[in-house]
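Undergrad: Note that the sequence shown ends on residue 593 in UniProt numbering; no numbers are left out. For glycine and all other residues, C-beta sits at the position ideal for the given N, C-alpha and C. This is the structure I have questions about; it appears just below.
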Amino acid sequence: MLLQDLRQTWELDSVFPGGSESKDLLAEINWTEHEAKELAKKADSFTFSNENFLSLIKELQSFSERLSTAGAFIGCLIAQDVKDKKAMALRGRLESVYAAFSNVGSVIDQKLMDISEDAWKDLMSQPEYEHIAFSLNERRTNAKEKLGISEESLINDLAVDGYHAWSTLYDLVVGRISIKVEIDGKEEELSVGQAENKFSSPDRNVRKDTFEKFVQAWDHEGEFCAASLNHIAGFRNEIYKHRGWEETLKEPLAINRMKEETLSAMWNAINSQKEIFVKYLDRKAKLLGLDKLSWYDVDAPLSSANSKMSYDEAAQFIVEHFRTLAPKMADFSEKAFLDGWIEAEDRSGKRPGGFCTGFPTKKETRIFMTFSGTPSNVSTLAHELGHAFHTDVLKEMPYYATNYAMNVAETASTFAEMIVADAAVSSAKTKEEKIALLEDKAQRSVAFFMNIHARFLFETRMYEERKAGQLSVERLCELMEEAQKEAFNGALDEYHPYFWASKLHFYITDVPFYNFPYTFGYLFSAGIYAKAKEEGPSFEEKYIALLQDTGKMEVEELAQKHLGIDVTKQDFWLKGIELAAADVEEFLALTEE
């Protein structure tokens, strides 16, 4: 099917008509507020029996689906218009519901611990719990490591106007930033998202000017951003201290259902292989006529082969390449384009970045990004469609079986990216086009192995240093630049000291350490992709089976079951890095003078 004249703004009215003025949305929020109180009563009076427990679990999952749908919808409203004050007010109300529901969870968790081990094992062996036993076992185990009900409830309540409130400051800051730059003799006023897209402009003067104005804008907001990060880190550190958790990474690792030895094996493998990627950065600098790249040069195109692609062309390109290895993902993506599930319009007032979110009650997803036609935009679009497909193959599962960790979520998205990128390289018609496509792949490797490593190093050190007191804007900039220099092996001439202020991921409180899972997903998906290439489209059923297990087991077990690999060993990670290095080697060979 030819994809053309596609809408670039998403369709949301089928979820709740009327945007932030929606009467249906308001009614749903009112219902969640009332139902959270009713669930609190039921949790308090709950007495264990098999029948009572099953009934309660069904109610909790149903409520979670509706709360998640309302929350995702409001998130979409704010992303499409960061100045939607009505939506922000509704988000505040819903955050109070989340806190109340967390308190319900704390009460239930305590009662789960009161069930005897024999009774619990008997319960989890019953067919009704086949898909959610892992999730419930995980919940029971985690509950044993937390404080009592009153303390955990107090934390949840205080987090609404403390921990999570500081997180929302980012949207307010982004909404008021306007970056004025001169392009082709005309002054343009850019949002943060639009400015970030200019870092892939072929004109270095545009990139440099935009970057300098970008840094100035975040410097102007530095005190607010520093206060936000300090309080987010301080709140989290205090919780960990009171729970007796000595390691800052304990919670992020638990959330991602992975062992510390797996994370260490991954970073150690990457560190041992960075030299080839430094060579790529050096070669790119030479091709651009520079001694060394600066931060704003890393995503710069090398030639006219990186010409812009229209949204319709990108959609056609992605669906056609998905079909070569994953026909069901291609069909799903085609539906997403045709049904208007993607917000891609390049306009001011939008939040920067991209994401995929789901509406469980509708069994649908939506994708958000700002599409300006760059190769990076096409990659982002494929990436988010991978997320959406992952959600789609789980839509008939019980809600508790759909709660997969972020690291395996990034596996699905990166797998989708790899299909598009590799197929594009294989079908390149000219040497120049092949160089451009290989360079785009190398850029992504640098992002996962260096940029994200810098984020991980910064955040790890920032949290540790925060234990001794608040960090100044200047100190945060120092930590950020030190981390970037280390992660890039000193390959750049100029770094981005205010990256800590501008990057949304540092402000996210729902998922701490929103960084290393991306790199995990990138390399894990490399192993999956290798098998897909070996077996062809028939592999997709195995791939779907893996995705359907992502909410049911830890990543070490998932990798062993579906791929027969041990992710706690560097060997696996080195194989994934070798695939990325092979692209760089080919790029270096093709660009040799």
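Exposed or buried, which one is residue 52 when buried takes at least 16 other CB atoms within 10 Å?
TA: Exposed, because fewer than 16 other Cβ atoms sit within 10 Å of the Cβ of residue 52.
Undergrad: Where does residue 221 sit, in a helix, a strand or coil, going by DSSP?
TA: Coil.
Undergrad: Just tell me which of 144, 323, 208, 33 has its CA closest to the CA of residue 493.
TA: If we check each option's Cα against that of residue 493, 208 comes out closest.
Undergrad: For residue 256, tell me which candidate among 469, 406, 201 has the shortest Cα-Cα distance.
TA: The option with the nearest alpha carbon to residue 256 is 406.
Undergrad: Tell me which same chain residues have a C-beta within less than 6 Å of the C-beta of residue 68, skipping the five on either side of it?
TA: Correct list, in chain order: 360.
Undergrad: Taking only the alpha-carbon atoms, compute the straight-line gap between residue 410 and residue 138 and give it to the nearest angstrom.
TA: Those two C-alpha atoms are separated by around 21 Å.
Undergrad: Does residue 241 pass the burial test, meaning 16 or more other C-beta atoms within 10 Å, or should it be called exposed?
TA: Classification of residue 241: exposed, given that the 10 Å Cβ count is below 16.
Undergrad: Please confirm if residue 175 has its CB atom under 9 Å from at least one CB of chain B.
TA: The structure shown contains no chain B; it is built from a single protein chain.
Undergrad: Which residues in the same chain have their Cβ closer than 6 Å to the Cβ of residue 550, if we skip the five residues on either side of it in sequence?
TA: Cβ neighbours of residue 550 beyond the five flanking positions: 404, 408.
Undergrad: Compute the Euclidean distance between the alpha carbons of residue 309 and residue 125, then round it to the nearest angstrom.
TA: The straight-line gap from Cα to Cα measures roughly 53 Å.
Undergrad: Measure from the alpha carbon of residue 44 to the alpha carbon of each residue in 63, 338, 73, 112, then state which is nearest.
TA: Of 63, 338, 73, 112, the residue nearest in Cα terms is 112.
Undergrad: Specify, as a first and last residue, the run of the beta strand (DSSP E) that residue 179 falls within.
TA: Here the beta strand (DSSP E) through residue 179 covers 179-183.
Undergrad: Can you list, in chain order, the residues of its chain with a C-beta nearer than 6 Å to that of residue 563? Leave out the 5 residues immediately preceding and following it.
TA: 527.
Undergrad: Beta-carbon separation of residue 435 and residue 288 under 9 Å?
TA: Contact flag unset, no.
Undergrad: Under 9 Å between the Cβ atoms of residue 385 and residue 329?
TA: Yes.
Undergrad: Between which residues of its own chain and residue 292 is the CB-CB distance below 6 Å, once the five residues before and five after are set aside?
TA: For residue 292, where only same-chain residues beyond five positions count, the Cβ hits under 6 Å are 285, 493.
Undergrad: What does DSSP give as the partner residues of residue 536 in its beta bridges?
TA: According to DSSP, which records beta bridges pairwise, residue 536 is partnered with nothing at all.
Undergrad: Give the range of the beta strand (DSSP E) segment to which residue 374 is assigned.
TA: Where residue 374 is concerned, there is no enclosing beta strand (DSSP E), given that its DSSP letter is neither H nor E.
Undergrad: From what residue to what residue does the alpha helix (DSSP H) around residue 139 run?
TA: 133-143 is the span of the alpha helix (DSSP H), which, as asked, contains residue 139.
Undergrad: Pick out whichever of 458, 584, 323, 425 has its Cα sitting closest to the Cα of residue 446.
TA: Comparing Cα-Cα distances from residue 446 to each of 458, 584, 323, 425, the minimum goes to 584.
Undergrad: Whole angstroms are fine: how far does the CA of residue 30 sit from the CA of residue 579?
TA: Straight-line Cα distance between these residues: approximately 52 Å.
Undergrad: From 120, 231, 178, 91, pick the residue whose C-alpha is nearest to that of residue 215; which is it?
TA: Considering only alpha carbons, the answer is 178.
Undergrad: Where are the alpha helix (DSSP H) runs, 4 residues long or more, that stay fully inside the stretch 511-583, in chain order?
TA: You should have 516-535, 540-548, 555-563.
Undergrad: Give the DSSP-derived three-state secondary structure of residue 46 in the structure shown.
TA: In this structure, residue 46 counts as coil in the three-state DSSP scheme.
Undergrad: Among all the DSSP beta bridges, which residues are the ones paired with residue 358?
TA: Its beta-bridge partners are 365.
Undergrad: Would DSSP call residue 335 helix, strand or coil?
TA: Residue state, collapsed to three classes: helix.
Undergrad: Buried or exposed: which applies to residue 122, given that a residue is buried once 16 or more other Cβ atoms fall within 10 Å of its Cβ?
TA: So residue 122 ends up on the exposed side.
Undergrad: Give me the Cα-Cα distance between residue 175 and residue 349, rounded to the nearest whole angstrom.
TA: Computed Cα separation, rounded: 7 Å.
Undergrad: Compare the C-alpha of residue 77 against each of 25, 544, 377, 57 and name the closest.
TA: Minimum Cα distance to residue 77 is reached at 25.
Undergrad: Along the chain, where does the alpha helix (DSSP H) that runs through residue 90 open and close?
TA: Note, residue 90: alpha helix (DSSP H), 85-114.
Undergrad: Are residue 443 and residue 299 closer than 9 Å when you measure CB to CB?
TA: Yes; because the gap between Cβ atoms is below 9 Å, this pair is in contact.
Undergrad: Distance, Cα to Cα, residue 518 vs residue 383?
TA: Going from the Cα of residue 518 to the Cα of residue 383 covers about 11 Å.
Undergrad: Sorted by chain position, which residues of the same chain lie with C-beta nearer than 7 Å to residue 155's C-beta, five sequence neighbours on each side aside?
TA: Same-chain partners within the cutoff: 239.
Undergrad: Unbroken alpha helix (DSSP H) runs of length 4 or more, entirely within the stretch 224-262: which are they?
TA: As far as the stretch 224-262 is concerned, its whole alpha helix (DSSP H) runs of at least 4 residues are 250-255.
Undergrad: At the level of alpha carbons, what is the spacing between residue 402 and residue 553?
TA: Cα to Cα, the separation comes out at about 11 Å.
Undergrad: In angstroms with no decimal places, state the Cα-to-Cα distance between residue 131 and residue 558.
TA: Distance between the alpha carbons of residue 131 and residue 558 is about 15 Å.
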